[in-house]
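As given, the protein sequences belong to chains A and B, one line each in that order.
As numbered in the numbering used here, residues 18 to 202 make up the first sequence, in order.
As numbered in the numbering used here, residues 50 to 326 make up the second sequence, in order.
Virtual Cβ for every residue (Gly too), placed ideally from N, Cα, C.
Structure, as structure tokens:
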Amino acid sequence: MKGNQLSIKTIVAIGIGAAVFIILAKFAAVPSPVPNTSIQTSYAFLALMAVVFGPIAGGLIGLIGHALNDAISYGSVWWSWVAVSMIVGLLIGLAAKKLDIESGIFNTKKIITFNIVQVIAQGFGWFLVAPALDILIYAEPANKVFLQGLFAGVSNMVTVGVIGTLLLAGYAKTRSRSNSLTREL
Amino acid sequence: MAVEMLSYIDRKTPIHQLTGVTKLICFIVWSSAAMLTYDTRILAFLFIFSIVIFIVSKIKVSEVSFVLIFILVFLFINNMAIYLFSPQEGVKIYGSSHVLIEIAGRYNVTIEQIFYQCNVTLKYFAVIPIALLFIVTTHPSEFAASLNKIGVSYRISYAVALALRYIPDVQRDFRTIALSQQARGIDMSKKEKLPIRIKNAASIIFPLILSSLDKIETISNAMELRGFGKSNKRTWYSARPFQRGDYVTLFVFGVIFVTAMVVTFHDGNRFYNPFES
């Protein structure tokens with residue numbers, strides 16, 4: 018395998034990840050107290066996949082998953098928001114090495130790191146990129162798109178913070194730790 | 050839980066006979082044209098032309114109506130929001146103000162605002178028929194082949210193909226898990242308190258993720274065994290050779306795109322302004 022090419026495992030992870038992302042976005046939205054809005058569990062999943070498989074997988078799962086979901090459920094793709102999903106997946110994935118979830122350790126320090134990273138990634142995506150692209154492509158009023166971005170960003174940060182952390186902690190438990198064996202005397 | 054999805058509809062029409070590559074390129078060209086322009090004349094032309102193509106494809110409106118209704122509701126809410134947040138946006142863009150009705154403060158109704166919002170709506174309308182057609186007339190496996198043909202690396206195209214292939218499988222898994230967890234009394238609906246609801250959601254997602262990770266393992270082993278990714282190129286079972294119709298269509302779309310861009314930008318402004326004399 019040449020170094021700069023995607024490994025087979027990453028390719029499959031992108032494909033299956035995108036499929037799961039779509040299903041979660043369509044079916045596993047938890048109704049929230051605010052009318053007509055739901056808590057999107059798919060972004061928590063995206064964060065998990067980004068941490069497990071790295072930035073390229075994270076970015077592409079966001080891109081393919083969001084674009085296909087828009088296409089098959091609404092018939093048109095909102096590219097400005099798809100771009101945000103890609104950026105969020107990519108940025109969270111950059112922390113994959115630091116979190117090293119495969120070691121099976123997901124302690125308080127890592128939980129804090131993960132949450133700082135996801136808040137920065139999503140803040141950048143939802144508060145800056147999404148409104149900027151909306152204005153550029155659709156020439157919509159600035160204050161409207163910034164409010165939309167603010168709302169989407171905050172609710173996604175909370176979702177990823179709560180469900181994403183739960184998922185990562187659960188995933189870490191299924192990995193065996195490197196020093197988990199004890200010698201019987 | 051029966052949420053409808055758009056999928057391939059098989060008919061024998063000239064649109065279906067075009068290769069996936071042609072349709073993909075046309076779709077991209079069309080959406081970029083509609084994205085870049087704000088010229089009302091161009092948008093109106095794009096909209097009418099796309100309706101004509103829609104009729105040629107013999108897709109019934111009833112087959113895609115669930116999506117259309119959703120889009121109309123979305124556009125309505127969107128228009129309301131634009132007006133609420135920025136009732137003077139049109140005046141700002143077109144640089145004049147013809148007041149029709151006075152309401153409190155800056156919330157008066159101007160012709161410019163109405164015109165601007167019609168343009169926003171038209172912008173969506175010009176893309177929707179083409180986007181819908183692209184989705185319902187392109188076979189999923191041909192779509193992946195087309196992605197590869199227009200220059201996307203075949204590894205990523207294959208990931209898209211995998212995603213499309215596994216959506217039904219994952220959906221079935223999800224349903225099974227959700228039902229069995231509900232049978233154990235785990236509730237995700239409004240009847241439960243919010244924190245518990247979120248915890249319950251995690252307990253449904255988690256088995257789904259673990260089973261998906263298993264799936265990733267199995268599939269990547271199978272692909273590895275078959276030597277996937279060894280060569281630089283890959284052939285596609287569902288790729289079809291170009292025919293005359295494809296060349297003609299691409300040419301026509303190219304001409305439309307260039308004309309649209311020239312008309313839009315020749316005066317250095319992407320908005321068409323009927324108010325200046």
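- Distance check between R289(B) and each of T89(B), E191(B), V105(B) places E191(B) closest, using alpha-carbon atoms only.
- The Cβ-Cβ distance between I179(B) and W79(B) falls below 8 Å.
- When only Cα atoms are considered, A189(A) and E157(A) end up about 43 Å apart.
- The alpha-carbon of G181(A) is positioned some 23 Å away from that of D87(A).
- Pairing G121(A) with I31(A), the inter-Cα distance amounts to about 22 Å.
- E138(B) sits buried, since 16 or more C-beta atoms from the chains shown fall within 10 Å of its C-beta.
- Assigned with DSSP and collapsed to three states, T159(B) falls in strand.
- Around the C-beta of K242(B), fewer than 16 other C-beta atoms lie within 10 Å, and the residue is accordingly described as exposed.
- If you check the CB distance, F96(B) and F174(B) come in under 8 Å.
- Near chain A, meaning a CB-to-CB distance below 8 Å, the residues of the stretch 166–189 of chain B are V169, K172, Y173, V176, I177, A180, L181, I184.
- The C-beta distance from G71(A) to A113(A) rounds to 5 Å, short enough to fall under 8 Å.
- For K161(A), the nearest CB of chain B lies under 8 Å from its own CB, placing it at the interface with that chain.
- V179(A): not part of any beta strand (DSSP E); DSSP gives it neither H nor E.
- Across the stretch 118–131 of chain A, no CB contact with chain B closer than 9 Å is found for any residue.
- Fully contained in the stretch 156–230 of chain B are the following alpha helix (DSSP H) runs of length 4 or more, in chain order: 160–186, 189–198.
- Shown here for F291(B): same chain residues with a beta carbon closer than 8 Å to its own, the five before and five after excluded, namely T68, V70, T71 in chain order.
- For R204(B), at least one C-beta of chain A is nearer than 8 Å to its own C-beta.
- Sequence-distant Cβ neighbours of F163(A) in its own chain, meaning closer than 6 Å and more than five residues away, are P148.
- If you draw a straight line from the Cα of N168(B) to the Cα of Y87(B), it comes to about 7 Å.
- Judged by DSSP in its simplified three-state form, Y155(A) adopts helix.
- Y91(A) carries a helical assignment under DSSP once its states are collapsed to helix, strand and coil.
- Every alpha helix (DSSP H) stretch that sits fully inside the stretch 106–131 of chain A and reaches 4 residues is listed by chain position as 113–116.
- Counted as a single uninterrupted DSSP element, the beta strand (DSSP E) harbouring L149(B) occupies residues 148–150.
- Look at the stretch 75–137 of chain B and you find these whole runs of alpha helix (DSSP H), each 4 residues long or longer: 89–105, 110–134.
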